[in-house]
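Single-structure report; data block below.
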Amino acid sequence: ENYLNTIYFGRGAYGIQAAARAYFDTDAKNLKLPQSAVLASVLNNPSNFDPDNGKDAREALKERYQYVLSGMADLGTITADQADKASRHLPKFPKIAAESQYGGQKGHMLTLVKDELHALGFTDEEIDGSGLRVTTTFTPKAMKAAEEGVKEAKPEGFGDKELHVAVASVEPGTGALRGFYGGQDYLNSQINWASAGGMVGSTFKPFTLATALQNGFSLKDTFEGNSPYEFPDGLTVRNEGTGSDGLGNDYGSAVDATYALEESINTAFVDMSASIPDGPDKILETANKLGIPPAEADKRYPGIPDASGPDLESDALITLGKARLSAINMANAYASIDNGGQRANVHVINKVVDQNGEQVWSYKQATSDAMGKDVAADTSYALQQVVQNGTGQAALALGRPAAGKTGTATNGKDEVSSAWFVGYTPQLSTAVMYVRGDGDDQLDGWLPSYF
Numbered sequence: 078e079n080y081l082n083t084i085y086f087g088r089g090a091y092g093i094q095a096a097a098r099a100y101f102d103t104d105a106k107n108l109k110l111p112q113s114a115v116l117a118s119v120l121n122n123p124s125n126f127d128p129d130n131g132k133d134a135r136e137a138l139k140e141r142y143q144y145v146l147s148g149m150a151d152l153g154t155i156t157a158d159q160a161d162k163a164s165r166h167l168p169k170f171p172k173i174a175a176e177s178q179y180g181g182q183k184g185h186m187l188t189l190v191k192d193e194l195h196a197l198g199f200t201d202e203e204i205d206g207s208g209l210r211v212t213t214t215f216t217p218k219a220m221k222a223a224e225e226g227v228k229e230a231k232p233e234g235f236g237d238k239e240l241h242v243a244v245a246s247v248e249p250g251t252g253a254l255r256g257f258y259g260g261q262d263y264l265n266s267q268i269n270w271a272s273a274g275g276m277v278g279s280t281f282k283p284f285t286l287a288t289a290l291q292n293g294f295s296l297k298d299t300f301e302g303n304s305p306y307e308f309p310d311g312l313t314v315r316n317e318g319t320g321s322d323g324l325g326n327d328y329g330s331a332v333d334a335t336y337a338l339e340e341s342i343n344t345a346f347v348d349m350s351a352s353i354p355d356g357p358d359k360i361l362e363t364a365n366k367l368g369i370p371p372a373e374a375d376k377r378y379p380g381i382p383d384a385s386g387p388d389l390e391s392d393a394l395i396t397l398g399k400a401r402l403s404a405i406n407m408a409n410a411y412a413s414i415d416n417g418g419q420r421a422n423v424h425v426i427n428k429v430v431d432q433n434g435e436q437v438w439s440y441k442q443a444t445s446d447a448m449g450k451d452v453a454a455d456t457s458y459a460l461q462q463v464v465q466n467g468t469g470q471a472a473l474a475l476g477r478p479a480a481g482k483t484g485t486a487t488n489g490k491d492e493v494s495s496a497w498f499v500g501y502t503p504q505l506s507t508a509v510m511y512v513r514g515d516g517d518d519q520l521d522g523w524l525p526s527y528f
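Following this line, the structure appears as structure tokens:
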């Protein structure tokens with residue numbers, strides 16, 4: 078059993094289950110006699126007996142295959158008639174690329190798992206050849222839902238090669254990454270956009286609101302809603318739209334915090350940030366506590382590393398979301414709000430068992446205080462109003478209690494280059510991101526709809 082669970086079968090497959098998938102696109106428990114005999118044959122010399130390696134390899138395999146079947150009949154594990162019938166021809170081999178176990182989203186899944194195993198201290202030798210059985214957090218239902226959602230929502234005619242869509246769904250209270258969509262087939266591109274991320278735009282604003290609430294402000298406090306807004310040092314911020322003077326929409330000089338979030342008013346949030354003592358630093362701390370890893374690794378604030386490199390800085394415009402963050406970590410940060418301010422670490426591995434059946438590692442379920450329960454409740458209330466009355470009303474179609482925030486970000490040419498929605502129901506927190514090209518290319522004017 079240990080041998081069959083660890084030996085190399087070719088095609089990057091270690092162990093009988095991986096081999097069953099790699100050669101016949103099925104599970105080991107479903108293998109028929111001819112398929113089983115092929116895999117027993119391949120074991121002897123994986124490269125020489127792989128039928129994909131040409132006519133000579135196929136002939137060599139058939140000879141070895143007949144030898145295996147004859148030996149089984151001699152041992153009495155099958156009848157002579159069974160051996161004779163099976164040996165007439167090799168079973169059919171479905172069209173599977175040599176690296177098919179990485180095809181579609183599977184390669185992105187395996188990469189996340191392997192990276193986490195490395196972080197836990199497992200070596201490549203242990204991962205690839207010691208027969209570990211790894212139980213992940215992914216569910217087939219959530220993985221399928223993420224992919225089907227992308228295909229349903231994406232405008233027709235826009236493939237994965239230029240328009241990159243990322244999805245990540247995290248379970249509040251546990252931090253388990255249940256499903257994700259990382260972009261195009263792993264065999265075509267190894268960039269997982271669910272972990273690479275992009276500029277998050279206004280989906281960062283709830284962290285500013287939560288910080289204000291923690292520092293004595295309320296949802297009824299008012300902030301500057303007219304555009305543009307000028308800082309004492311001369312820095313100017315404006316709202317979306319053109320407004321009457323072409324400098325952004327005006328919402329009034331005193332808009333309350335809830336309405337500011339509903340309508341995603343930039344000037345109000347910059348005013349809010351400036352009104353909090355040491356506001357930018359405290360906003361960054363809130364984001365870290367909720368689930369956004371800091372620029373420099375910190376054991377207090379773990380997360381799945383953002384592949385694009387952390388660039389989260391506590392400057393005057395932190396509230397507008399110019400940092401590039403991953404959909405995975407954004408989903409987990411919102412999950413912490415959903416979970417009453419209790420943050421769980423996002424992860425993809427539940428347990429690891431060795432070849433002897435001994436559990437060598439398991440995830441220890443725990444949460445930490447990211448913010449007070451009342452602050453989380455008020456932040457969640459405001460996020461529900463975004464869905465009920467504000468920019469996130471499309472989420473009303475869920476037909477269940479939902480909270481969330483829209484977001485767009487612009488590149489250096491003042492073009493919209495990323496579009497987001499991050500939100501949650503009581504059971505699940507999900508982030509969705511659209512970016513183009515290398516992550517900074519123009520969406521507005523190119524994509525028919527991205528809001």
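Heads up: the sequence shown begins at 78 in the working numbering, then just goes up one per residue.
Ideal placement from N, C-alpha and C gives every residue a C-beta, glycine not left out.
Check: Quick one, which of N466, G522, L505, R477 has its alpha-carbon nearest E574's?; Outcome: Because the chain here runs from 78 to 528, residue 574 falls outside it and cannot be looked at.
Check: So Y458 is in the alpha helix (DSSP H); what residue range does that whole segment cover?; Outcome: 450–466
Check: Express the C-alpha separation of Q159 and N82 in angstroms, rounding to a whole number.; Outcome: 26 Å
Check: Quick check for students: name the residue ranges of the alpha helix (DSSP H) that lie wholly in the region 266–325, counting only runs of 4 or more.; Outcome: 270–273, 282–291
Check: Compute the Euclidean distance between the alpha carbons of A175 and S341, then round it to the nearest angstrom.; Outcome: Low local confidence applies: a pLDDT of 49 at A175 is under 50, so the model's placement there is unreliable, with the coordinate-based value given in what follows. Going by the C-alpha atoms only, they are around 49 Å apart.
Check: Going straight from the alpha carbon of V332 to that of V437, what length do you get?; Outcome: 55 Å
Check: Starting from V227, trace the alpha helix (DSSP H) both ways and give me its first and last residue.; Outcome: 217–230
Check: Hey, could you find the ends of the beta strand (DSSP E) V247 is sitting in?; Outcome: 240–247
Check: Measure the CB-CB distance between G449 and Q291 and report whether it falls below 8 Å.; Outcome: yes
Check: Could you tell me which of T212, M186, E317 sits nearest to N269, measuring between CA atoms?; Outcome: M186
Check: Just verifying my parser: in three-state terms, what is the DSSP assignment at Y501?; Outcome: strand
Check: Counting along the chain, where does the alpha helix (DSSP H) carrying T188 start and finish?; Outcome: 183–196
Check: Quick one: what's Q261 bridged to in DSSP?; Outcome: Its beta-bridge partners do not exist; DSSP assigns none.
Check: Within a Cβ cutoff of 6 Å, which residues of the same chain sit near Y527, ignoring the five residues on either side of it in sequence?; Outcome: A496, Y511, L520
Check: Starting from G542, trace the alpha helix (DSSP H) in both directions and tell me its first and last residue.; Outcome: The chain is shown from 78 up to 528; residue 542 falls before or after that span and cannot be answered.
Check: Using the DSSP secondary-structure output, state which residues sit across from W438 in a beta bridge.; Outcome: V429
Check: How is the alpha helix (DSSP H) around T344 delimited, first residue to last?; Outcome: 343–352
Check: State buried or exposed for S246, treating a residue as buried only when at least 16 other CB atoms are found within 10 Å of its CB.; Outcome: buried
Check: Quick one: residues in its chain with C-beta nearer than 8 Å to the C-beta of G418, no 5 flanking neighbours on either side, listed in chain order?; Outcome: D446, A447, M448, G449, K450, V452, A453
Check: Classify K356 as helix, strand or coil using the three-state DSSP reduction.; Outcome: With the sequence shown as reference, residue 356 is identified as Gly, and Lys is not the correct amino acid for it. Here G356 sits in helix by DSSP.
Check: Would you be able to state if there are at least three C-beta pairs under 8 Å between the region 230–239 and the region 191–210?; Outcome: no
Check: Which of the three DSSP states, helix, strand or coil, is assigned to A175?; Outcome: Because the pLDDT at A175 is just 49, under 50, the model does not fix this residue reliably, and the point stays unresolved.
Check: In this structure, does DSSP put Y328 in helix, strand or coil?; Outcome: coil
Check: Look up K376 in the DSSP assignment and say whether it is helix, strand or coil.; Outcome: coil
Check: Is DSSP giving D333 helix, strand or coil here?; Outcome: strand
Check: With a cut-off of 8 Å on the beta carbons, I'd call D237 and E301 a contact; round off their distance for me.; Outcome: Incorrect: roughly 41 Å between the Cβ atoms, too far for contact.
Check: Is it a yes or a no for the region 396–415 touching the region 274–282, going by three-plus beta-carbon pairs under 8 Å?; Outcome: yes
Check: If you pair each beta-carbon of the region 250–266 with each one of the region 372–379, do three or more pairs fall below 8 Å?; Outcome: no
Check: Return the residue from the list D104, N107, Q112, S124 that minimises the CA-CA distance to G87.; Outcome: S124
Check: Give me, in chain order, the residues of the same chain whose beta-carbon lies closer than 6 Å to that of A243; leave out the 5 immediate sequence neighbours on both sides.; Outcome: W270, A271, A404, M510
Check: Which whole-angstrom value describes the C-beta separation of V430 and R210, a residue pair presumed to lie in contact below a C-beta threshold of 8 Å?; Outcome: 4 Å
Check: Report yes if the CB atom of V464 is closer than 8 Å to the CB atom of A479, and no otherwise.; Outcome: yes
Check: Taking G514 as part of the beta strand (DSSP E), name the residues at either end of that continuous run.; Outcome: No beta strand (DSSP E) holds G514; DSSP gives it neither H nor E.
Check: Helix, strand or coil for V145, going by three-state DSSP, please let me know.; Outcome: helix
Check: For a test of the three-state rule: what should DSSP assign to A96, helix, strand or coil?; Outcome: helix
Check: Which two residues bound the contiguous alpha helix (DSSP H) that contains K482?; Outcome: Where K482 is concerned, there is no enclosing alpha helix (DSSP H), although the beta strand (DSSP E) it sits in stretches over 480–487.
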